[in-house]
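For reference, the structure discussed in these notes is given below.
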Amino acid sequence: MPYRVLFVCLGNICRSPMAEAVFRERVRAAGLADAIEADSAGTGDWHIGKPPHEGTRRLLDGKSISYEGMCARQLQPGDGDAFDLIVAMDANNERDIRAVVGNDAKAEVIRLLSIVPDSVLQDVPDPYYTGDFEETYALVSAGCDLLLERIRPRLAG
Ligand code: 4NP
26 MPYRVLFVCL GNICRSPMAE AVFRERVRAA GLADAIEADS AGTGDWHIGK
76 PPHEGTRRLL DGKSISYEGM CARQLQPGDG DAFDLIVAMD ANNERDIRAV
126 VGNDAKAEVI RLLSIVPDSV LQDVPDPYYT GDFEETYALV SAGCDLLLER
176 IRPRLAG
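Heads up: the sequence shown begins at 26 in my numbering, then just goes up one per residue.
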């Protein structure tokens, strides 16, 4: 069974699809594509079925990172048992995730920047409001690198 990671933000069009695409790219580069799966979801329902935001697409295109086939979906209660790790982009997401999946879920719930030592920011800024997709990418990128190292020892075999 692959280790399953779910990235969650509010709309599932800016931050969490960026994190999903970047993390998948890092997993692939590490030769772990068969061992780790990534997905993303939003706590809100406004953008269900839509592709990532144009700003996220442009940023990923610029870095030759694929987002093929990705479209927004809403976090479901069952995600708590379908995933090993749920990674929130900010504190509001973390609170909302815990409310949806409950306390008995299999998945561990963390905030992405909680694993980045000495991070000045606790929350990944939302480029839907800031317009700064590069700032968000820098934080998501650092977080994804550390996330992969955190998961490595937990992989079966
Ligand atoms: P995201 O950004 O949570 O990073 O996908 C947002 C996208 C859409 C909205 C809010 C945040 N919205 O209110 O529609």
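For glycine and all other residues, C-beta sits at the position ideal for the given N, C-alpha and C.
Check                                                                                                  : Outcome
Residue 67 versus 115, 159 and 167, residue with shortest Cα-Cα distance                               : 115
Any 3 or more C-beta pairs closer than 8 Å across the segment 84-97 and the segment 118-137            : no
Contact under 8 Å by Cβ, residue 60 with residue 165                                                   : no
Cβ separation of residue 102 and residue 77, assumed to be a contact under 8 Å, to the nearest whole Å : In fact, because the Cβ distance is near 24 Å, the residues do not count as touching under 8 Å.
Residue 108 - partner residues in DSSP beta bridges                                                    : Looking at the DSSP assignment, residue 108 forms no beta bridge with any residue, so it has no partner.
Own chain residues within Cβ distance below 7 Å of residue 105, not counting five before or after      : 126, 127, 130, 131 and 132
Segment limits, alpha helix (DSSP H) that includes residue 47                                          : 40-54
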